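For the protein sequence lines, the chains are U and B, in the order given.
Each step along the first sequence adds one to the number in the working numbering, with nothing skipped, and position 582 is 562.
Add 10 to the 1-based position in the second sequence for the working numbering, that's all there is to it.
Just so it is clear, CB atoms sit at the ideal spot from N, CA and C, and this is done for glycine as well.
All values derive from a computational prediction rather than experimental measurement.
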Amino acid sequence: MKMTYLTKTLAVLAVASLAACGGGGGGSTSSLTPTAPQPGSANPLFATFVGVGDSLTAGYQAGGLLGVNTTNPFSVFPGGLVPATQENGYWALMFEQATGMSAAQMASPATSVLPLINAPGIGSQLIPVSTAPGSPFGGAPFFASHPSCDTFNQSAFSAAGFPSIRANPTATVLDVAIPGITAHEAVNMVNPLTGPPPAQTGTYPAFTCAPYLASTTDATAGGLQSLVAGESSLYIPILGQYLSQTSPQKLSNGQPATMVNAAAMLKPTFATVWLGANDLLKFAFSGGKAPMVDLSQSDMQNDITLAVQTLQKAGAQGVAVANLPTVLQTPQFFRGDFPASQALCVAQNWLFCDLVSEITGGLIAQGLPPATAAATAQSYATGIIKALEAHSAYGFNADSNWYLTETGFLVALGQANALIQANPANPNFAAIQLDPSATGQIPSASPVAGSGLGGLYLGDAFAATVNGLNTAFNAGIVAAASNTGAALVDVNAVFSGIYSGTGPYFAQAASINPNPNPVTGAPFTCCSLVFNQGLLSFDGLHPSNTGYALIANAFIQAIDTKYTNANIPPLSAAQIQAIYATDLYAPH
Amino acid sequence: MLKTLIRSSAAALLAASFGLVAIPASADGGTGEALATSVVQDASAGIKNAMNASRKKTPTVTTRAQAGQADQTMALPDGSIAQVPPVQQAPVGGAAAQGLPTGFTYMADLSIAYPYGNIGTFGKKWLPGGADANAGYGFNPTTRVLASYYEIQHYPYGFNSGTAPLYLQGFQNPIGCVDLGGGNANGCAPATSQADLTTKDRFLILNAEKLFAIKMPGGRALPIVISPTYVSRWSTIAASNAGNDVVAFEPNAPFGFPVTGVHTRTAQVFSLAVTVPFLKTSKMFGTFTVAPGWLTHTAGINQVNKPQLYQIAYLEYTPNDRTKFFFEPQSSRDYLPADPYAQHLMAYFLGVSERVGKAGFVQLVLNSGAPTNEGSYGIQKLTCQALPCGSNPIVPTVGGLKATQIQLQFGIGSPSVIPI
Chain U
-19 MKMTYLTKTL AVLAVASLAA CGGGGGGSTS SLTPTAPQPG SANPLFATFV GVGDSLTAGY
41 QAGGLLGVNT TNPFSVFPGG LVPATQENGY WALMFEQATG MSAAQMASPA TSVLPLINAP
101 GIGSQLIPVS TAPGSPFGGA PFFASHPSCD TFNQSAFSAA GFPSIRANPT ATVLDVAIPG
161 ITAHEAVNMV NPLTGPPPAQ TGTYPAFTCA PYLASTTDAT AGGLQSLVAG ESSLYIPILG
221 QYLSQTSPQK LSNGQPATMV NAAAMLKPTF ATVWLGANDL LKFAFSGGKA PMVDLSQSDM
281 QNDITLAVQT LQKAGAQGVA VANLPTVLQT PQFFRGDFPA SQALCVAQNW LFCDLVSEIT
341 GGLIAQGLPP ATAAATAQSY ATGIIKALEA HSAYGFNADS NWYLTETGFL VALGQANALI
401 QANPANPNFA AIQLDPSATG QIPSASPVAG SGLGGLYLGD AFAATVNGLN TAFNAGIVAA
461 ASNTGAALVD VNAVFSGIYS GTGPYFAQAA SINPNPNPVT GAPFTCCSLV FNQGLLSFDG
521 LHPSNTGYAL IANAFIQAID TKYTNANIPP LSAAQIQAIY ATDLYAPH
Chain B
11 MLKTLIRSSA AALLAASFGL VAIPASADGG TGEALATSVV QDASAGIKNA MNASRKKTPT
71 VTTRAQAGQA DQTMALPDGS IAQVPPVQQA PVGGAAAQGL PTGFTYMADL SIAYPYGNIG
131 TFGKKWLPGG ADANAGYGFN PTTRVLASYY EIQHYPYGFN SGTAPLYLQG FQNPIGCVDL
191 GGGNANGCAP ATSQADLTTK DRFLILNAEK LFAIKMPGGR ALPIVISPTY VSRWSTIAAS
251 NAGNDVVAFE PNAPFGFPVT GVHTRTAQVF SLAVTVPFLK TSKMFGTFTV APGWLTHTAG
311 INQVNKPQLY QIAYLEYTPN DRTKFFFEPQ SSRDYLPADP YAQHLMAYFL GVSERVGKAG
371 FVQLVLNSGA PTNEGSYGIQ KLTCQALPCG SNPIVPTVGG LKATQIQLQF GIGSPSVIPI
């Protein structure tokens, strides 16, 4: 698909990045038997501090994983920057607090314990640009930093590409988190689950990344490959130096080459385990069709328990296990229907609020007075939502909980834009189409009812199912932590607290920049769970630098509470302010 | 988007083809049948001889009271050998028939076999020929040593027949199914090539036999045979690229990982068999053998090495001195490197043997066996190691090995049962 359009860029992101899971290396790579690392923490509990998890633990942001700063001619970040992501993650911050490692050491290939990915990065980061076409109403347009199917991304699937993918290919990596990996994969997956997608055609920025194609010789081509492409592309880059050169699917110590076994091979003294988000997201984004996820509390409990026990048997004196946020509260999902009050728009990501905000900005850019633009935008937004609710195929009921995904939001917004342009006085919002055709076209002249479920929208019933699974997974994680004696990091409480718009978590987030937001009119500038309002990066799922800092403190608090000999200093208000000050994903 | 792609892949799945890359046979009644062959029949023969001798009031074995008084042990009178059915109890080269054969004995045969049951069309062919041999030496009617070599051919159920769910490595739910027979049964994708699961197990068995008499009420002695036994087994599987029994497989528990480089049907076992009689008439005879056994060492994915108990019953009917019918049910154990825990196998042999000339024999045996503590068919599920499945290894999770075949032996000496 052409990557020049914001909507399609994010559509790819939602599939390839957020719903991706990990794979493993069938080939051999440079061999390194891990030696006792790392910077001398004064506290022996953190002599070997290992991270197990997915993209959240890896430090993924805005649809990509990048270990070094780079630039892009289209980026409007200062200096055309495409910022590194990994060293901004919660795990890196927590490690620095626990061990005394400096941020500079964490970012340096010579000393980092992160598997630093060379430029231009794996995946395709969203970068803000000023001139990208397709931005319907003047909101911040995004651009892919590089094709997700370019040579660099392709080489990540093979052992041969490993040395050039990593900035520190021989480092003893302690953060072995693989973006896209599920809890079940963490204890099972021993090789990449798919090869690279077809290579790009065309030249960046006018390039095309063809999807995996179904064929008569490829039984599972297409969606299933897309579903596991993320973790497959990142398996070797993360674990490469620990894989056996002679035995496929084995680590250098002969154990099956799972992520958890790789962590155990490092003989951790302390470990964090944060898994399960991809199990949920793959279910959600596939409309419940993904065939390979944990699907119950006990499934999740078993996998987390096995992961924790494996680390404990390897010597970990302490393990911290984190639960999941309520994913439908993240700004990847735009809550449908109408908010009970405008105040909710301050803390929560409502479709109505975002439509009003985006359309208002667009109309102002077209010359309408702000008051007129706002009133018109509210009228348009109301019409769009009512039209969507009237579309029986989507399962959107009035006065209930349905959602558009970020991709769905942008698709709807783009189509609404065209309808408004065609007939500003009476746009035909009933023509908005969220179900692609069998060939994936949006809008489609021949939509397939239900084909947008998950990828573009979540109807009431399916959203309830996702929430139910979210709850079940968290119950499994809590039970696993309890049964193994691990510390429980209640990330869900942090996100839910901020989402509620009240309480200490919200107060802390809103106090990061308490000045009124000059763009949205919100009573504070940063931060909230509203799309693009500071806590999450552009993909709506992975935190900003500031959001990661708050999560790091949640981990530190739980660890210090459980393990009295931990004594990790939490990030201070001043440190968080410093992080926020340079956070390109947070409004200022 | 995603869902559309998934739908496309699901549609493609129906038209897909799968080639099975490496298939191990997981288990059979091998060790149990080896014990049955080498230990039970020999011990039974010794017991039968002893009981025959006892009926003629010619003590054949020393009792506890007679221990150390070897000169009081009386030999059977001349001609006793003619009073026992010759087929089983007349080892070529032996001298004594009052207990265990004394002196040098031997047996050798060649065999052919044909598999039956639900093995699909691929395996419907004569199995490769086999050869068996044993040689023993009896120091006296109560003490004997024996060395045996057996080859056992079989073709298991469920590798080229039926359907199996297809999984993607590391995931729990199936992404499709495969018709192992190459058709489209149940809408499953056809396996376009079938692995050749023709399997030949080889056994080297070394055992000693000691015949005891337990004094029973009424003054009669109950002969029993105790047989310390060592079994070493190895195998060739036609599907193995290495010409041996090294084939990839994926165990179920605790979680699936592909296992490579393991000799799936190679093991060594110690056992201590005790055989006692339960039936003796002029034409019928039966014994029961229990044999605790354990691996000499764990291998492959073996989890523990707890002693296993083999139980073998033996019943024969000899209508004349040249013909014998026999039935040998058994509850066996197999603990091969592809088994995390020992398989419990139920098997039986039903056969007839006919002596030809002075030392030759022909024997026809129908045998069948299947495990009871796991799926009996071969392939339980298939796991695609990486997408696309059509061009990447697909490793099976293998259940127990169920097999049925009829075997025909031509040999000299005393015929033995060719196990599964």
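- Chain U has no Cβ within less than 8 Å of the Cβ of B/Ala301.
- For B/Thr276, the three-state secondary structure derived from DSSP is coil.
- Contact between the region 321 to 338 of chain U and the region 381 to 396 of chain U is present: three or more C-beta pairs spanning the two stretches fall below 8 Å.
- For B/Gln179, a Cβ of chain U is located within less than 8 Å of the residue's own Cβ.
- Taking the C-beta atoms as reference points, U/Gly220 is found no nearer than 8 Å to U/Ser35.
- Think of a sphere of 7 Å around the beta carbon of B/Gly127: no beta carbon from chain U falls inside it, the nearest being about 29 Å out.
- Think of a sphere of 9 Å around the beta carbon of B/Pro268: the chain U residues whose beta carbon falls inside it are Val170, Asn171, Pro228, Gln229, Pro236, in chain order.
- Taking 8 Å as the cut-off, the Cβ atoms of U/Ala157 and U/Ile216 do not count as close.
- Residues of the region 157 to 169 of chain U whose Cβ lies closer than 7 Å to any Cβ of chain B, in chain order: His164, Glu165, Val167, Asn168, Met169.
- Residue nearest to B/Lys412 within the set B/His354, B/Val366, B/Arg365 is B/His354 (criterion: CA-CA distance).
- In terms of Cα proximity to B/Asp206, the closest of B/Val272, B/Leu178, B/Trp136, B/Ile224 is B/Trp136.
- Note that the region 382 to 398 of chain B touches the region 167 to 179 of chain B; at least 3 beta-carbon pairs, one per stretch, sit closer than 8 Å.
- Nearest C-alpha to U/Ile478 among U/Ala490, U/Val469, U/Ala257, U/Asn303: U/Ala490.
- The region 95 to 107 of chain U makes contact with the region 126 to 133 of chain U; the number of CB pairs closer than 8 Å reaches 3 or more.
- Restricting attention to U/Ser372, U/Ala529, U/Ala361, the CA atom closest to the CA of U/Gln395 is found in U/Ala361.
- Of U/Ala353, U/Pro349, U/Leu393, the smallest CA-CA separation from U/Ala367 is found for U/Leu393.
- Separation of the CB atoms of U/Ala327 and U/Leu530 is rounded to 14 Å, and the pair is thereby denied contact status at 8 Å.
- Of U/Leu564, U/Ile218, U/Thr174, U/Ser232, the smallest CA-CA separation from U/Ser212 is found for U/Thr174.
- Comparing alpha carbon positions, the residue from B/Asn251, B/Glu326, B/Asn217 closest to B/Arg154 is B/Asn217.
- Contact with chain B is absent for U/Pro100, since none of that chain's Cβ atoms lies less than 8 Å from the residue's Cβ.
- Counting C-beta pairs closer than 8 Å gives three or more between the region 32 to 46 of chain U and the region 506 to 524 of chain U, which meets the contact rule.
- Annotation: the continuous alpha helix (DSSP H) that includes U/Cys333 extends over 331 to 345.
- Neighbourhood of U/Asp274 in chain B, by CB distance below 8 Å: Gln182, in chain order.
- Here U/Val208 is buried: its Cβ has 16 or more other Cβ atoms, across all protein chains shown, within 10 Å.
- Residue contact with chain B for U/Val288: absent (no Cβ-Cβ distance below 8 Å to any residue of chain B).
- Taking a cut-off of 8 Å on C-beta distances, the region 275 to 284 of chain B touches the region 297 to 310 of chain B, as three or more cross pairs fall below it.
- Minimum Cα-Cα distance from B/Thr239 among the listed residues B/Tyr320, B/Val375, B/Glu364, B/Gly130 corresponds to B/Tyr320.
- U/Ser224 and U/Val153 have their alpha carbons spaced roughly 16 Å apart.
- When DSSP assignments are scanned along the region 409 to 434 of chain U, no uninterrupted stretch of beta strand (DSSP E) that is 3 or more residues long falls wholly within it.
- When DSSP assignments are scanned along the region 471 to 550 of chain U, the uninterrupted stretches of alpha helix (DSSP H) that are 4 or more residues long and fall wholly within it turn out to be 471 to 480, 483 to 490, 525 to 542.
- Look at the beta carbons and you see the region 272 to 279 of chain U not touching the region 433 to 447 of chain U: under three pairs across the two are nearer than 8 Å.
- The beta carbon of B/Pro268 is closer than 8 Å to those of Gln179, Ala258, Phe259, Glu260, Thr393, Gln395, Pro403, Val405 in its chain, skipping five residues each way along the sequence.
- Fully contained in the region 142 to 199 of chain U are the following alpha helix (DSSP H) runs of length 4 or more, in chain order: 142 to 145, 163 to 166.
- Rounded to whole angstroms, the gap between the alpha carbons of B/Gln415 and U/Leu261 is 51 Å.
- When DSSP states are grouped into helix, strand and coil, U/Trp71 belongs to the helix group.
- Following the DSSP letters along the chain, one finds B/Ile215 inside the beta strand (DSSP E) bounded by residues 209 to 225.
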